[in-house]
Amino acid sequence: MTLESIGLSPSTLVFIVLGLTLVAFIWGRFRYDLVALAALLGSVMLGLVPADDAFAGFGHPAVITVAAVLVLSRGFERSGVVDVIANQVLKVGERLLLQLLVLVGTVVVLSGVMNNVGALALLLPVAMRLAREHNTSPSLLLMPLAFGSLLGGLTTLIGTPPNIIIAAYRGNMTGENFGMFSFSPVGIVVALAGLIFIVLVGWRLTPKRSGQAAADDMFDTANYLVELNVTEDSKANGLTLQQLRDELDETIPVLAVVREDNRRAGYQFHGVLREGDILLLEAGPDELKLLEDKVGLSAIAEPEEPEDGQEQRVDAEKSDERQPVDTEGLQLIEAVVRNDSMMINRSVRQLRLNHQFGLHLVAVARDGGRLKQRLRDIRFQTGDVLLLQGSENEIADSLSTLGCLPLANRELHLGQPRKLAVSVGIFALAIAAMMFDLLPAAVAMSTAALVSLLIGVLPLRDGYQAIDGPVIVLLAAMLPVGEALETSGGADIIADALLRFGVEWPIVVSLVGLFLLSMLLSNVVNNAAAALLMAPIAASLANGFDASLDPFLMVVAVSASCAFLTPIGHQSNTLVLGPGGYRFGDYWKLGLPLSLVVMAAAIPAILWVWPL
């Protein structure tokens with residue numbers, strides 16, 4: 024197939040491919056890495072990208088740098104660098120403004136020296152613990168924390184993928200990349216402006232949950248725990264727990280089995296049930312009916328108001344009125360499904376949570392509310408909050424493998440002092456090599472990651488798990504497509520439209536237009552993809568004005584990370600969606616004024632540091 028046979032110009036075909044790609048990104052039916060790969064292959068088939076260069080993006084310095092930074096970020100986590108900081112954060116008092124200042128300020132600093140999603144993931148449990156200990160609504164803390172991680176990523180080269188992409192693009196255009204701290208003068212100004220706004224004003228624009236929801240866990244477990252009695256006539260009598268599950272054809276988790284006042288956790292009970300046993304489990308009305316109809320298990324009578332010595336059945340609809348059950352020792356934990364989790368779009372049965380990972384799923388919350396459907400029918404989504412039960416010694420490893428972030432019962436581990444010092448030393452040497460132009464960023468970061476793996480700061484398995492495969496594929500696939508936008512003349516067409524718009528206005532007006540276009544794009548597609556697409560447009564615009572390239576690229580770098588309007592614009596936003604109980608429409612209320620604050624601070628700072 025050739026362009027001549029189709030009868031369309033290369034720029035028109037590029038716009039068609041990019042239009043379909045953006046629609047697919049916004050639709051969200053398919054993962055963004057698959058969409059990006061489809062866009063790449065479509066561009067190759069249409070002759071927009073040479074076949075020999077189709078997969079050159081996988082060796083691009085920007086892609087290698089992003090992968091290395093992800094590995095180093097996981098090394099910081101394992102060595103205890105961040106936990107030392109987090110342990111100090113937990114000492115903050117109960118004043119909300121101080122909590123916000125310390126939390127958001129800390130994530131801003133951390134996001135400058137590690138991947139911003141990793142920084143948020145490490146401080147998210149700390150914020151949840153602060154909320155519980157000081158009776159603060161998590162919704163007041165988590166969105167500011169997520170937005171703070173985006174602001175912190177602006178301050179250095181490695182803070183966020185758009186900075187790495189823009190630096191590499193400048194290298195291709197001028198022969199000289201932006202350095203490690205080239206972004207710092209503007210990034211620090213923007214981050215400080217955003218931090219001050221969030222702490223003093225912005226948090227008031229976040230939704231506020233009720234006091235009970237704020238003080239307690241996402242799941243009030245005691246309100247949903249029921250005790251079922253195994254009678255002589257029960258079909259469950261003589262069955263193992265696995266046989267009971269097979270009989271029910273349902274994954275209702277048995278949290279504990281009580282026999283003669285001795286309680287054993289469900290995952291530790293391997294015998295058969297017998298008359299007089301009490302099963303402690305989490306169930307709603309539908310599950311209670313299923314248990315009674317299929318295996319003859321019914322709820323134990325309430326102790327109050329007995330009539331003629333007969334047991335009263337507990338009405339499932341009144342289960343919330345039961346006296347709280349002692350859950351000590353049940354080893355329940357809350358966790359949020361990360362964007363890179365293997366659980367996404369899969370069910371309990373497909374994952375074999377119990378057999379393969381030793382975990383029982385107790386409940387699932389989404390969009391701030393507990394899902395009422397059967398557990399086996401739920402397909403997990405990014406941001407879901409799970410209530411799980413498992414072995415205390417193994418649950419951390421299981422959650423890590425699954426790609427879940429623990430929110431509750433997470434103890435801070437201060438790591439090993441030797442590894443902590445070594446981890447910091449390796450990173451410092453890599454930064455020094457970049458600052459003094461001894462090594463390119465991709466080589467310096469990759470060397471630091473390799474050394475961390477070789478000396479055991481990070482196990483090799485964890486190193487591979489730290490690399491976010493979908494993001495790597497997205498970057499590698501969109502790089503050639505972005506180049507096609509430039510080589511086809513599509514970027515010039517968009518830039519000409521902006522030039523005509525701003526021909527009678529100062530150049531700063533066109534910079535504002537470029538900022539708004541890039542910012543809006545980053546809120547509906549991955550921010551790295553936004554930077555890839557907007558960089559050639561910025562270059563064409565700079566060429567049209569016969570101005571310096573740098574301020575235009577800096578505008579794209581900042582605006583591509585301003586994904587404050589939606590939960591899908593950035594992984595950090597998605598990560599707090601479930602734990603914060605937010606809805607899609609909650610983000611713009613704080614995100615829109617914050618975006619305007621960032622733009623108002625960024626453009627003057629850019630023009631001051633990088634003159635036209």
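Heads up: the sequence shown at position 577 corresponds to 600 in this note's numbering, and the numbers run straight through without jumps. Cβ coordinates follow ideal geometry from the N, Cα and C atoms, glycine included.
Worksheet item: Buried or exposed: which applies to Thr229, given that a residue is buried once 16 or more other Cβ atoms fall within 10 Å of its Cβ?
Response: buried
Item to complete: Find out if the Cβ-Cβ distance for the pair Ala518, Ile560 is shorter than 8 Å.
Response: yes
Fill in: Spatial neighbours of Ile39 in its chain, beta-carbon cut-off 6 Å, leaving aside the 5 residues before and after
none
Worksheet item: DSSP state of Leu588, grouped into three classes?
Response: coil
Discussion item. Following a CB-centred definition, is Ala464 positioned closer than 7 Å to any heavy atom of the ligand COA?
Written reply: Of ligands this structure carries none, so the ligand COA is not represented either.
Worksheet item: With a Cβ-Cβ cutoff of 8 Å, do Leu572 and Ala562 count as a contact?
Response: yes
Item to complete: Excluding the 5 residues preceding and the 5 following Leu64 in the sequence, name in chain order all residues of the same chain whose CB lies nearer than 8 Å to its CB.
Response: Ala77
Discussion item. Using a 10 Å radius around the Cβ and a threshold of 16 neighbouring Cβ atoms, would you call Pro590 buried or exposed?
Written reply: buried
Worksheet entry | Beta-carbon spacing of Ile490, Ala79 below 8 Å | no
Practice prompt. Could you check how far apart the C-beta atoms of Gly601 and Val371 are, in whole angstroms? I think they sit under 8 Å.
Written response: Rounded, the Cβ-Cβ distance is 17 Å, inconsistent with contact.
Practice prompt. Could you check what DSSP says for His383 in three-state terms: helix, strand or coil?
Written response: strand
Worksheet item: Over what stretch of residues does the alpha helix (DSSP H) that includes Asn550 continue unbroken?
Response: Asn550 to Phe568
Practice prompt. Return yes when the Cβ of Leu304 is within less than 8 Å of the Cβ of Val281, no when it is not.
Written response: no
Worksheet entry | For Pro230, the first and last residue of its enclosing alpha helix (DSSP H) | It is not in any alpha helix (DSSP H) - Pro230 carries neither H nor E in the DSSP assignment.
Item to complete: Work out the CA separation of Arg193 and Glu199 for me, nearest whole Å.
Response: 7 Å
Practice prompt. May I ask you to list the residues that DSSP assigns as paired with Leu302?
Written response: Leu251 and Val280
Discussion item. Which residue marks the beginning of the alpha helix (DSSP H) containing Gly217, and which one marks its end?
Written reply: Ser207 to Leu223
Worksheet item: Is Gln412 helix, strand or coil by DSSP?
Response: strand
Worksheet item: Under 8 Å between the Cβ atoms of Ala214 and Thr183?
Response: no
Discussion item. Could you tell me the alpha carbon to alpha carbon distance between Gln404 and Leu168, rounded to whole angstroms?
Written reply: 21 Å
Discussion item. For a minimum of 4 consecutive residues, which ranges assigned as the alpha helix (DSSP H) are wholly contained in the region 50 to 103?
Written reply: 55 to 68 and 84 to 102
Fill in: Whether Asn139 touches Leu173 by CB criterion (8 Å)
yes
Worksheet item: For Arg393, which of helix, strand or coil comes out of DSSP?
Response: strand
Worksheet item: Skipping 5 residues on each side, what residues in its chain have a beta carbon closer than 8 Å to that of Ala558?
Response: Ile188, Ile189, Tyr192, Gly505, Leu576 and Val579
Discussion item. Quick test of your reading: Pro574 and Leu630, contact by CB under 8 Å. State the CB separation rounded to the nearest angstrom.
Written reply: 6 Å
Worksheet item: Helix or strand or just coil, what does DSSP make of Asn186?
Response: helix
Practice prompt. Mind reading off the beta-carbon distance from Val547 to Ile49? Whole number of angstroms is fine, and I expect it under 8 Å.
Written response: 5 Å
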